[in-house]
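Taking it in order: structure first as structure tokens, then the write-up.
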Amino acid sequence: MGSIKLKPKAIKVVCNNCFRITTGYRDENGVVKYQCTRCGATSVSKVMGRRHVQLDVYAPAGQELLDEDM
């Protein structure tokens, strides 16, 4: 699969931790990086293909996942 080249620009994104609307910056490879100003969570989103986007969310320092099965 060939790589997708996109125009670098600022885009509007929603924090997946606290749902605040913030601004992320997309590079030419389709990677969007942003850090929420409210909760401090960092997110990295990458366009993998035409219908596939990979999203990684990193919790802020001091916050842990709430999973009762662990």
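Note that this note's numbering has the sequence shown beginning at 1046, numbered continuously upward.
Every residue gets a Cβ at the ideal spot worked out from N, C-alpha and C, and that includes glycine.
The model shown is predicted, which means the values in this text are computed figures rather than measured ones.
Whole-number beta carbon distance between residue j and residue i, since they are thought to touch under 8 Å
i: residue 1098; j: residue 1088; result: Actually they are not in contact, since the Cβ atoms of residue 1098 and residue 1088 sit about 12 Å apart, beyond 8 Å.
i: residue 1075; j: residue 1056; result: The Cβ separation is near 11 Å, so there is no contact.
i: residue 1067; j: residue 1081; result: 6 Å
Cβ-based burial, residue i [other Cβ within 10 Å; buried from 16]
i: residue 1071; result: buried
N-terminal and C-terminal residue of the beta strand (DSSP E) that residue i is part of
i: residue 1057; result: 1054-1059
Item to check | Residue ranges of each beta strand (DSSP E) within the region 1070-1112, 3 or longer | outcome: 1076-1080, 1087-1094 and 1097-1103
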